[in-house]
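In our numbering, the protein residues as written are 15 to 231. By construction, the Cβ of each residue, glycine as well, lies at the ideal position given by its N, Cα and C atoms.
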Ligand code: E4P
């Protein structure tokens with residue numbers, strides 16, 4: 015399973031990259047706004063900086079528009095920033111049409127806001143490179159996000175769909191573990207969930223003892 019970081023924060027992207035386990039980045043308009051990135055030039059420059067930081071990994075940049083023609087124009091400009099840009103498109107009717115156009119024109123896509131297996135099938139039919147089920151938001155609404163990953167993984171395996179399942183809206187380290195077991199191809203997580211995978215109290219207790227005993231030698 016590939017590890018993406020779900021942020022537009024440059025320091026956090028650098029920290030995850032320095033750990034040596036980072037395969038890519040996902041952003042969305044909310045994450046970009048959180049970093050105070052404003053204006054077209056600043057947005058384009060921010061994506062370029064992220065692409066250079068992750069050094070070869072895919073970087074999802076989301077279109078802000080919601081109509082077919084506008085999404086195509088916006089997506090072409092985003093894709094021109096860097097060869098690793100993946101155009102992120104919402105799961106709406108015009109979005110599916112736009113994904114098909116991007117696929118036919120050699121531009122990688124990430125279909126975002128996936129909340130059902132039916133949506134995942136449509137996005138795969140349109141040729142999306144990645145599809146993003148939002149598992150944390152599904153859990154928040156009282157359903158089971160990881161179960162959706164399992165269902166999509168089973169359908170894609172049976173049908174031979176090529177889109178990669180990118181588990182998004184990760185809330186905890188355990189979400190990452192469950193998504194890996196459920197068949198996600200990629201997990202995009204906040205830095206604290208990635209770093210949370212490091213933690214176990216018995217590791218801390220064991221290391222303290224080893225360090226103490228090492229002083230006796
Ligand atoms: C990623 O592609 C999504 O935009 C993101 O994971 C959404 O996460 P949230 O539900 O924590 O906002």
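For residue 219, the uninterrupted alpha helix (DSSP H) run begins and ends at 215-228, by DSSP. Cβ contact annotation for residue 43 (same chain, cutoff 8 Å, sequence separation greater than five): 76 and 78, in chain order. A Cβ closer than 6 Å to some heavy atom of the ligand E4P marks a residue here, and those residues are 20, 40, 42, 126, 146, 148, 150, 151, 182, 183 and 202. Under the criterion of beta carbons closer than 8 Å, residue 208 and residue 17 qualify as touching, at roughly 7 Å. Rounded to whole angstroms, the gap between the alpha carbons of residue 40 and residue 223 is 40 Å. Using a Cβ distance threshold of 8 Å, residue 147 and residue 163 count as a contacting pair. Nearest in C-alpha terms to residue 80, of all of 69, 127 and 71, is 127. Within the region 168-203, the complete alpha helix (DSSP H) segments at least 4 residues long are 187-196, listed from N- to C-terminus. Using a Cβ-Cβ distance cut-off of 8 Å, the region 25-37 and the region 52-60 are not in contact, since fewer than three pairs of beta carbons, one from each stretch, lie closer than that value.
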